[in-house]
Amino acid sequence: MVDAEVDAAILARDAKLLKETVREAGGLALSLFGRELKNWIKGASSPVSEADIAVNDLLESRLRSAASDYGWLSEESADDEDRL
Numbered sequence: 135m136v137d138a139e140v141d142a143a144i145l146a147r148d149a150k151l152l153k154e155t156v157r158e159a160g161g162l163a164l165s166l167f168g169r170e171l172k173n174w175i176k177g178a179s180s181p182v183s184e185a186d187i188a189v190n191d192l193l194e195s196r197l198r199s200a201a202s203d204y205g206w207l208s209e210e211s212a213d214d215e216d217r218l
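Here the working numbering runs 134 ahead of the position in the sequence shown, where the first position is 1.
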């Protein structure tokens, strides 16, 4: 039962972290909506903007700092095999 309690505690902590982080990222995205932002195309035809990068950076910062063993894979970040 101890493992189940630990797992439940970790899941509850992660759920709280995710909820808070997504709300913060949503607030950031809304604050940037409708503003003049730099935009560019990455790869063959994938549009990206300063808002995309700002939200990505916030998410990565909050989530990776929560636990040292969390990996990070994102459309807006270069892949790093350390995430495995």
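Backbone N, C-alpha and C fix where the C-beta goes; we use that ideal spot for every residue, glycine too.
Cross-strand partners of residue i (DSSP beta bridge)
| i | result |
| --- | --- |
| Asn173 | Ser183 |
Distance, residue j Cα to residue i Cα
| i | j | result |
| --- | --- | --- |
| Glu154 | Ala138 | 24 Å |
| Ile187 | Lys172 | 11 Å |
| Asp213 | Gly205 | 10 Å |
| Pro181 | Val140 | 42 Å |
| Glu194 | Leu166 | 18 Å |
| Lys150 | Ala185 | 24 Å |
| Ile144 | Ala201 | 11 Å |
| Asp148 | Glu215 | 23 Å |
| Glu209 | Arg198 | 16 Å |
| Val189 | Ala142 | 29 Å |
| Ile175 | Val156 | 25 Å |
| Ser211 | Arg169 | 23 Å |
| Ala146 | Leu207 | 22 Å |
| Asp203 | Gly177 | 30 Å |
| Leu152 | Ser179 | 30 Å |
For residue j and residue i, believed in contact at Cβ under 8 Å, the rounded distance
| i | j | result |
| --- | --- | --- |
| Leu162 | Leu192 | 6 Å |
Proximity to residue i [Cα-Cα], best of the options
| i | options | result |
| --- | --- | --- |
| Ala159 | Ser211, Arg196, Ala146 | Arg196 |
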